[in-house]
Amino acid sequence: MLGLWAVLTLIGALFSAWLGYGGRAFVATLTAFAFFFLVMLLFAARGLDSSLAARFGAGSGYLLGTSVFLAYLIYALGTNTFAFTRAAAIAGLVFIPLALAASAKQKPPGAWEDFLILAGVWVAVKFSPSHWLWPYPGGRLAYVFTVLLCVNVALAAFVLLRHVNGIGYSIGWGRHWGFFILASFLVFGSIAIPLGQVMRFIEFAPQWSQWKSFPFLSLGILFFTAWPEEFLFRGLLQNMLSRASNSELAGWWTASILFGFSHITNMGFPNWRYVVLATIAGFFYGWTWRKTGSIFASALVHAAVDAMWHFLFRTV
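Counting from 77, one number per residue, gives the positions in the sequence shown under the working numbering.
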């Protein structure tokens, strides 16, 4: 995980420097990004959560939350964008979920506090004034930073404080994973492509001239869209809905429908065509997660779907 983090962060730093970014603001931004991204990847290493719990006990979640807030301060002070209102908003995004998780510590997974935290995380990503919270450089990294911060907070709340099992937050490869990933991708494509064309949602318009950017686009989608969404909707939401309802099927279907409705504001409200296709996609992502027990497997399917969509099709 450390090696993967180092390579990806170095690529991002070199690319940013090539674009002309530099100076104190760039260093502060890169430092904050590197920390958030490091936490996101390191927790995918087997046994890290138990090692932190053994070393720091119940305070490990609060330690991570405090570190996340300090990383934001480094960004804000280093880019000369610090404001008490922004710092207070970030503090709320970090410490309110931790307080809710602490209040539900003795309850089994699936308590009302858990679902309130998940709803808050989703609202923060979807509707928070992210460009105001992360103004440098020109708000272009606002979404990525918001996603990374929310993943860090969810890890602190659910992995370190709540100790939710069965999330599947790991990067690895298991038996028959290739079959499940490929089957999910192909069957969903055979349904979604003709349905999307009949609904006049997509049309075939491949961007062959952009093939050089395809690997970077795919990596960006995997780590900053597919991985966080699979963590939220499959590893946490589907997982805890299944526990609360005592039914894997009910948890799977409910999480898939909620995943679909989470896209209703995309490209104009209400976008029912997006809801329908995202719900169907959610069924296949959820099936992959159930079969493999890993959000990495479902994230690979999710990233492949999104990358192919952006590269081969145009949204009407």
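For each residue, glycine too, the CB sits at the ideal point set by N, CA and C.
DSSP three-state assignment for residue i, whether helix, strand or coil
i       : result
Phe-389 : strand
Phe-277 : coil
Asn-228 : helix
Val-220 : helix
Gly-99  : helix
Ala-121 : coil
Val-377 : helix
Arg-238 : coil
Pro-185 : coil
His-207 : helix
Gly-215 : coil
Ile-356 : helix
Phe-137 : In the sequence as displayed, the identity of residue 137 is Gly instead of Phe. In the structure shown, Gly-137 sits in a helix (DSSP, three-state: H, G or I).
Ser-126 : helix
Ser-338 : coil
Gly-369 : coil
Thr-105 : helix
Pro-173 : helix
Tyr-361 : helix
Tyr-350 : helix
Ile-243 : coil
Phe-307 : helix
Ala-393 : This structure leaves residue 393 out entirely; the chain is present only between 77 and 392.
Thr-85  : helix
Gly-79  : helix
Gly-196 : helix
Met-343 : coil
Phe-91  : helix
Thr-161 : helix
Thr-155 : coil
Residue i versus residue j - alpha carbon distance
i       : j       : result
Gly-141 : Arg-319 : 26 Å
Lys-183 : Leu-174 : 15 Å
Thr-155 : Gly-98  : 11 Å
Phe-300 : Ser-323 : 30 Å
Met-384 : Asn-315 : 28 Å
Ser-289 : Gly-214 : 22 Å
Ile-172 : Val-229 : 10 Å
Gly-88  : Thr-107 : 12 Å
Arg-251 : Asn-347 : 38 Å
Val-392 : Arg-122 : 43 Å
Phe-145 : Ala-163 : 8 Å
Val-170 : Phe-280 : 42 Å
Ser-321 : Gly-242 : 16 Å
Trp-303 : Ala-380 : 12 Å
Tyr-292 : Leu-84  : Here residue 292 is Phe; the residue named in the question, Tyr, does not match the sequence. Approximately 10 Å between the Cα atoms of the pair.
Asp-125 : Gly-135 : 12 Å
Trp-180 : Asp-190 : The amino acid at residue 180 is misidentified as Trp; the sequence shows Ala. Approximately 8 Å, taken between the alpha carbons.
Phe-119 : Ser-246 : 7 Å
Gly-168 : Ser-206 : 14 Å
Gly-244 : His-386 : 27 Å
Leu-100 : Leu-90  : Correcting the residue type first, residue 100 is Arg in the shown sequence and not Leu. Cα-Cα distance, rounded: 16 Å.
Phe-234 : Leu-192 : 12 Å
Leu-153 : Trp-284 : 42 Å
Ser-266 : Ala-159 : 50 Å
Glu-305 : Gly-96  : 31 Å
Val-352 : Gly-133 : 44 Å
Phe-389 : Arg-216 : 24 Å
Leu-224 : Arg-276 : 33 Å
Leu-176 : His-239 : 14 Å
Leu-295 : Leu-308 : 19 Å
Within-8 Å CB hit, residue i to chain C
i       : result
Phe-255 : In the structure shown, chain C does not exist; there is a single protein chain.
CB-CB length for residue i against residue j, believed under 8 Å
i       : j       : result
Ile-166 : Tyr-148 : 5 Å
Thr-105 : Tyr-151 : 6 Å
Trp-363 : Ile-371 : Actually they are not in contact, since the Cβ atoms of Trp-363 and Ile-371 sit about 13 Å apart, beyond 8 Å.
Ala-354 : Gly-336 : 4 Å
Phe-359 : Ser-338 : In fact, because the Cβ distance is near 14 Å, the residues do not count as touching under 8 Å.
Leu-313 : Leu-194 : 6 Å
Thr-368 : Trp-253 : 5 Å
Phe-264 : Ala-357 : 6 Å
Phe-256 : Ala-373 : 7 Å
Tyr-361 : Arg-310 : 6 Å
Residue i: CB within 7 Å of a non-hydrogen atom of the ligand ADP
i       : result
Ile-356 : This structure lacks the ligand ADP, and indeed carries no ligand of any kind.
Checklist entry - Can you list, in chain order, the stretches of the alpha helix (DSSP H) that have 4 or more residues and sit fully within the segment 311-335? => result Correct list: 315-321.
Checklist entry - Taking the runs of the alpha helix (DSSP H) that are 4 residues or longer, which of them lie wholly in the segment 248-305? => result Counting whole runs of 4 or more residues, the segment 248-305 contains the alpha helix (DSSP H) stretches 253-274 and 290-297.
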